[in-house]
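*Asks:* All residue numbers for the sequence shown refer to the numbering used here, where the first residue is -3 and numbers rise by one. Backbone N, C-alpha and C define an ideal beta-carbon position, used for all residues, glycine too.
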Amino acid sequence: MELIDLSSEIFVGMQVHPSQPAVAIDQWNDHTQKVTFGSTVHSAASLRLSMGDHTGTHVDAPLHFDPAPGAASIELLPLERFFCQGLCLDLSHIPLRHAVSPQELAEAVSRTGEPLSAGDAVLLYMATNIRLRGTPGYETDFPGLAPDAVHWLADTGVNLFGVEAMSPAPAGELNLLAHMICAERGITHIECLDNLERLVGRGHFTFIGFPLKIRGGTAGPMRAVAMFE
């Protein structure tokens, strides 16, 4: 069995979406603080974290992009949605800021040599991290999906899709439309994935990525993993 970590690290100073608060981490307890019970002396270290729920690798809850009453928050989504077969599509050749079309998705599926099945998690490798992470363009220049490409994925019956970027579609109106289509079609997506290049050309795998159980959460940071057996 091989496990590939698909999550990005969370740390002070990391790049986050401009709509989200900066990450703050400070020491809450450390090993200079001793507690004595009887003859036993003990110490413990812990941290305090402050961050938005859209920090690092995370999945959006319907509540984030669907204004309809009753839109589900993250803790209400079934766990089965985050344990499924996955397939990574190689779109690393596309230009920055490009909006991927349905035809380009279909061609990427064909290159895998495997069919895209209903219930799959489709992870889109666009070489975003390699080209942009650590630069100002990471917030603005990423490629993503055209609106009709989001519809195309929904039409195939995918469980969810995921991208390396902070957003599923190029910045601006296209990104707003992608979120609105997710609401309309009842699908969701993962943002800020890592190490997708390690999945290219390897066919289907088991995707595992359970979000934190945040009551009322608009998203859930997750430890996403691809498992090959």
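1) Here's the rule: buried if 16 or more other CB atoms are within 10 angstroms of the residue's CB, otherwise exposed. What is N155?
2) Measuring CA to CA, which of E160, S97, D26 and T51 is closest to R127?
3) Which partner residues does N25 have in the DSSP bridge list?
4) The beta strand (DSSP E) with V31 in it runs from where to where?
5) Starting from the C-beta of L195, find all residues in its chain whose C-beta is less than 6 Å away, skip the five residues before and the five after it, and write them out in chain order.
6) According to DSSP, is H175 helix, strand or coil?
7) Given P98, which residues of its chain have a CB within under 6 Å of its CB, disregarding the five upstream and five downstream residues?
8) Can you tell me whether DSSP reads S106 as helix, strand or coil?
9) Just to confirm my understanding: we take V227, look at its own chain, exclude 5 residues before and 5 after, and list those with CB closer than 6 Å. What are they?
10) Unbroken alpha helix (DSSP H) runs of length 4 or more, entirely within the stretch 167 to 222: which are they?
11) For I186 and G212, which I take to be in contact (beta-carbon distance under 8 Å), what is that distance rounded to the nearest angstrom?
12) Measuring straight from C-alpha to C-alpha, what distance separates C80 and I204?
13) To the nearest angstrom, how far is the alpha carbon of T136 from that of A20?
14) Helix, strand or coil for E160 per DSSP?
15) Of all the options D22, S88 and T51, which has the alpha carbon lying nearest to the alpha carbon of A41?
16) Which residue wins for smallest C-alpha separation from T28, given the options S39, H60, L172 and T131?
17) Helix, strand or coil: which one does DSSP assign to E(-2)?
18) Verify whether the separation of the beta carbon atoms of C188 and H54 is less than 9 Å.
19) If you count every other CB in all the chains shown that lies within 10 Å of the CB of V96, and 16 or more means buried, which is it?
*Replies:* So, from the data block:
1) Here residue 155 refers to the residue found at position 159 of the sequence shown. Burial of N155 is indicated by the presence of at least 16 other C-beta atoms within 10 angstroms of its C-beta.
2) As a working mapping, residue 127 is identified with position 131 in the sequence shown. Among E160, S97, D26 and T51, the Cα nearest to that of R127 belongs to E160.
3) Counted from its first residue, the sequence shown places residue 25 at position 29. DSSP, once it has assigned bridges, lists S42 as partnering N25.
4) Here residue 31 corresponds to residue number 35 of the sequence shown, with the count starting at 1. That run of the beta strand (DSSP E) goes V31 to F33.
5) Residue numbering aside, residue 195 sits at position 199 when the sequence shown is read from its first letter. The answer, listed in chain order, is C84 and A222.
6) As a working mapping, residue 175 is identified with position 179 in the sequence shown. In this structure, H175 counts as helix in the three-state DSSP scheme.
7) Numbered from 1 along the sequence shown, position 102 holds the residue referred to as residue 98. The answer, listed in chain order, is D144, A145 and W148.
8) For the purposes of this step, residue 106 is identified with residue 110 of the sequence shown, where counting begins at 1. Helix.
9) Residue 227 falls outside the range modelled here, since the chain spans only -3 to 225, and no answer is possible.
10) Complete alpha helix (DSSP H) runs here, min 4: 169 to 181.
11) Counting from 1 along the sequence shown, the entry for residue 186 is found at position 190. Counting from 1 along the sequence shown, the entry for residue 212 is found at position 216. In fact, because the Cβ distance is near 20 Å, the residues do not count as touching under 8 Å.
12) Here residue 80 is taken as the residue at index 84 of the sequence shown, counted from 1. Here residue 204 is taken as the residue at index 208 of the sequence shown, counted from 1. In this structure, the CA atom of C80 is about 7 Å from the CA atom of I204.
13) Position 140 of the sequence shown, counted from the first residue, corresponds to residue 136. Position 24 of the sequence shown, counted from the first residue, corresponds to residue 20. Whole-angstrom Cα-Cα distance: 23 Å.
14) Against the sequence shown, residue 160 aligns to sequence position 164. Here E160 sits in coil by DSSP.
15) The residue you call residue 41 lines up with position 45 of the sequence shown. Comparing Cα positions, the closest option is D22.
16) Counting from one through the sequence shown, the residue named residue 28 turns up at place 32. Among S39, H60, L172 and T131, the Cα nearest to that of T28 is on S39.
17) Counting from 1 along the sequence shown, the entry for residue -2 is found at position 2. Of the three classes helix, strand and coil, the one that applies to E(-2) here is strand, per DSSP.
18) Against the sequence shown, residue 188 aligns to sequence position 192. Against the sequence shown, residue 54 aligns to sequence position 58. For the 9 Å CB-CB criterion, C188 and H54 form a contact.
19) Position 100 of the sequence shown, counted from the start, is the residue given in the question as residue 96. With 16 or more neighbouring CB atoms inside 10 Å of its own CB, V96 falls in the buried class.
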